[in-house]
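In what follows, a structure is listed as structure tokens, so that the remarks can point back to it.
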Amino acid sequence: MNVKLNADDPVLASLMSGMDEGAADPTVPLGRLRDAAALQFGQAMHADVHAGENALRDALARVRPAVDSLVENMRRVATEPALSRMSDVQRADVKSAVEHQIAYVIGGYRAAFPQT
Numbered sequence: 543m544n545v546k547l548n549a550d551d552p553v554l555a556s557l558m559s560g561m562d563e564g565a566a567d568p569t570v571p572l573g574r575l576r577d578a579a580a581l582q583f584g585q586a587m588h589a590d591v592h593a594g595e596n597a598l599r600d601a602l603a604r605v606r607p608a609v610d611s612l613v614e615n616m617r618r619v620a621t622e623p624a625l626s627r628m629s630d631v632q633r634a635d636v637k638s639a640v641e642h643q644i645a646y647v648i649g650g651y652r653a654a655f656p657q658t
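Residue numbers (our numbering): 543 to 658.
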């Protein structure tokens, strides 16, 4: 799966570009992206909330732990010793299963925030 995402935010675009460049240690650009995401998330959570927008804040508050869990569980799948004992076909099936889940997340994002 090769996914190229474009961000309207120039800082996010730069961080995503760093992920695409194939760093020697991929956890470094991932960590930078995680930190920037946490900062942006904090700003969104602390924005003035008008009457009746608590549901929005609650929904937004559920996004971050879900994404953190998704990223951590992908890492666990990729580093699970059982994966290395599988045949190439079985490993490809596992990778494909994860790719389908990522496609679902991207599709959900696109459905929730259609291009204008």
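Glycine included, C-beta positions come from ideal geometry on N, C-alpha and C.
Within the same chain, and ignoring the five residues on either side of T621 in sequence, no residue has its Cβ closer than 8 Å to its Cβ.
Under the three-state reduction of DSSP output, N544 falls in the coil class, being neither helix nor strand. A603 and M628 have their alpha carbons spaced roughly 38 Å apart. Spanning the alpha carbons of L598 and D630 requires a straight line of approximately 44 Å.
Looking from the CA of P571, the closest CA among A586, Q582, A555 belongs to A555.
Shortest Cα-Cα distance from M587 to any of S638, S611, V605 involves V605.
For S611, the uninterrupted alpha helix (DSSP H) run begins and ends at 596-621, by DSSP. If you compare the alpha carbons of E595, D610, S638, R618 with that of A580, the shortest gap goes to D610.
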